[in-house]
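Participant:
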Amino acid sequence: MTEEPEKKELELSPQSDWGPREKSELVKLPSGRVARLKRPSMFHLIKTGRVPNPLLQKVLKKTEERGELEADAALFEFMEEFAAACFVEPIVWVKQPIKGGIPITNLDDAEIAFVCEWANLGVMALSLFR
Numbered sequence: 000m001t002e003e004p005e006k007k008e009l010e011l012s013p014q015s016d017w018g019p020r021e022k023s024e025l026v027k028l029p030s031g032r033v034a035r036l037k038r039p040s041m042f043h044l045i046k047t048g049r050v051p052n053p054l055l056q057k058v059l060k061k062t063e064e065r066g067e068l069e070a071d072a073a074l075f076e077f078m079e080e081f082a083a084a085c086f087v088e089p090i091v092w093v094k095q096p097i098k099g100g101i102p103i104t105n106l107d108d109a110e111i112a113f114v115c116e117w118a119n120l121g122v123m124a125l126s127l128f129r
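Read in numbering that gives the first Met the number 0, the sequence shown has 8 at position 9, and its numbers run on one by one without any break.
#1: Which residues in the same chain have their Cβ closer than 6 Å to the Cβ of A118, if we skip the five residues on either side of it in sequence?
#2: Thinking just about the alpha-carbon of each residue, which of K22, R49, S30, R32 is nearest to the one in L74?
#3: Quick check on F113: does DSSP put it in helix, strand or coil?
#4: Cα separation between V91 and L9?
#5: Determine the DSSP secondary structure at E80, reduced to helix, strand or coil.
#6: Quick one: using the 10 Å Cβ neighbour count with 16 as the cut-off for buried, is I45 buried or exposed?
#7: Quick check on this structure: which residue in M78, F77, V114 has the alpha carbon closest to the alpha carbon of V87?
#8: Output the distance between the C-alpha atoms of P13 and M78, rounded to the nearest integer angstrom.
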C-alpha cells in the first residue's frame, strides 16, 4: 500500500505580499530632469476611461482591418494620458488638476514621447497594427 503525501493546507498571504503592483524607478528624461516612473496597466487605463473613446474605436476597427492608424488628436491625447499615468513623482495631470501635481503641458513633446517609449507604448502600439 502506498502512502499519500501529506496535504499542506493553504495559508493566507500576509498583507505585506499585497503591496503596490507597479514597480517604479528613477529615469532621466531627455531634458536632463529626473522623475520616478512606472509602467501603467493598459487595462486600468481603459477601465478608468483614460483612453479616448474615438481612439478605442479606431484601435478596434483597425485591429480588425489590419490597416494603418492615422495619427490624430485622439492618439496624441492618449499619449499624454499614458505618459501622465507613468509618473509617480512628480504627479502629472492632464485634464483634472491634482493637488501637488503638475500639468502635462510642463513636459515637452520629447519628454512625452520618451516616457511612452520607455514604458513600451511604442512597441505595444505598433504590434496592435501589424
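Where a beta carbon is used, it is the ideal one built from N, C-alpha and C, also for glycine.
Facilitator: Looking at the coordinates:
#1: So the qualifying residues of the chain are R38, C85.
#2: Closest in C-alpha terms to L74, from the list K22, R49, S30, R32, comes R49.
#3: Helix, per DSSP.
#4: Rounded to the nearest angstrom, the gap between the Cα atoms of V91 and L9 is 41 Å.
#5: Look at E80 here: in three-state DSSP terms it is helix.
#6: Exposed: under 16 other Cβ atoms inside 10 Å.
#7: Selected option, being the one with the closest Cα: V114.
#8: Looking at the two C-alpha atoms, the distance is approximately 37 Å.
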